Amino acid sequence: MEQLLDFITNNIMLVAAWALTLAMLLWTEQNKAGKSVGTHEATRLINKDNAVILDIRPKKEFVTGHITDAVHIPVTELDTRMTELEKHKQKPIIVVCNIGQTAGAVSKKLKTAGFENVVRLSGGMTEWKSQSLPVIK
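Just so you know, the UniProt record's numbering puts 27 at position 27 of the sequence shown, and the rest follows in order with no gaps.
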């Protein structure tokens, strides 16, 4: 530990450059995945803007409970089934996974495919259920 502190104090500019590079990398990766919304904003998008819920969890998780009217396309099948979403291209799409991490990569993929209004549910279904919001089994 003492060696680490000595290194940091002796190479403060190098450490600062490394920290700045790391922060920029994290910020860039976060923004690539697109905007995330909480449960309240997601509910507003569903009720006011007719947003489409895209649930990308595996079937075994989907059947344990999902958001009403969610379109279920597991992440492993997204490439082959993306055409099913074409009819929803003009609507907001909320990508939902279990805890909110996988949804970022799918959001990025959808944006690359031409879907403009794509957001991901922050915290995923875990957060949705913890807020006691309705689920369909």
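C-beta: ideal position from N, C-alpha, C; glycine also.
All figures in this text were calculated on a predicted structure; none of them were measured in a lab.
Quick one: what does DSSP say aspartate 69 is sitting in, helix, strand or coil?
-> Position 69 of the sequence shown, counted from the start, is the residue given in the question as residue 69. Here aspartate 69 sits in coil by DSSP.
Under three-state DSSP, which class holds valine 52?
-> Counting from one through the sequence shown, the residue named residue 52 turns up at place 52. DSSP places valine 52 in strand when its eight states are reduced to three.
Quick one: any contact between the segment 13-22 and the segment 82-98, if contact means 3 or more CB pairs under 8 Å?
-> no
Using 10 angstroms around the beta-carbon of isoleucine 136, count the other beta-carbons present and answer buried if the total reaches 16, otherwise exposed.
-> As a first step, residue 136 is located in the sequence shown; it is residue number 136 there, counting from the start. Looking at its Cβ environment, which holds fewer than 16 other Cβ atoms inside 10 Å, isoleucine 136 is exposed.
Separation of valine 118 from lysine 35, as counted between CA atoms = Locating residue 35 in the sequence shown gives position 35, counting from the first residue. Locating residue 118 in the sequence shown gives position 118, counting from the first residue. If you take the alpha carbons of lysine 35 and valine 118, they lie about 8 Å apart.
Can you tell me whether DSSP reads valine 118 as helix, strand or coil?
-> Here residue 118 refers to the residue found at position 118 when the sequence shown is read from its first residue. Note: valine 118 maps to strand in three-state DSSP.
Excluding the 5 residues preceding and the 5 following isoleucine 73 in the sequence, name in chain order all residues of the same chain whose CB lies nearer than 6 Å to its CB.
-> Counting from one through the sequence shown, the residue named residue 73 turns up at place 73. Correct list, in chain order: Arg81.
Which residue's Cα is closest to the Cα of histidine 88: Gly114, Ser122, Ser130, Lys129?
-> As a working note, residue 88 is residue 88 in the sequence shown. Answer by Cα proximity: Gly114.
Got a sec? Which residues, its chain only, sit under 6 Å from serine 122 by beta carbon, not counting five neighbours each side?
-> As a first step, residue 122 must be located in the sequence shown, where it is residue number 122. These residues qualify, in order along the chain: Ser36, Gly38, Gly100.
Distance CB(valine 71)-CB(isoleucine 53) smaller than 8 Å | For the purposes of this step, residue 71 is identified with residue 71 of the sequence shown, where counting begins at 1. For the purposes of this step, residue 53 is identified with residue 53 of the sequence shown, where counting begins at 1. In this structure, isoleucine 53 lies closer than 8 Å to valine 71 by Cβ.
Exposure of histidine 66, with buried meaning 16 or more beta-carbon neighbours within 10 Å | Numbered from its first residue, the sequence shown carries residue 66 at position 66. The residue in question, histidine 66, is buried, as its Cβ has 16 or more Cβ neighbours within 10 Å.
Is any heavy atom of the ligand ADP found at a distance shorter than 7 Å from the C-beta of asparagine 47?
-> Looking for the ligand ADP in the displayed structure turns up nothing, as the structure carries no ligands at all.
With distances taken between CB atoms, is the gap from leucine 85 to valine 106 smaller than 8 Å?
-> Numbered from its first residue, the sequence shown carries residue 85 at position 85. Numbered from its first residue, the sequence shown carries residue 106 at position 106. No. Outside cutoff.
Could you tell me the boundaries of the alpha helix (DSSP H) in which isoleucine 8 lies?
-> Locating residue 8 in the sequence shown gives position 8, counting from the first residue. Segment 2-10, the alpha helix (DSSP H) holding isoleucine 8.
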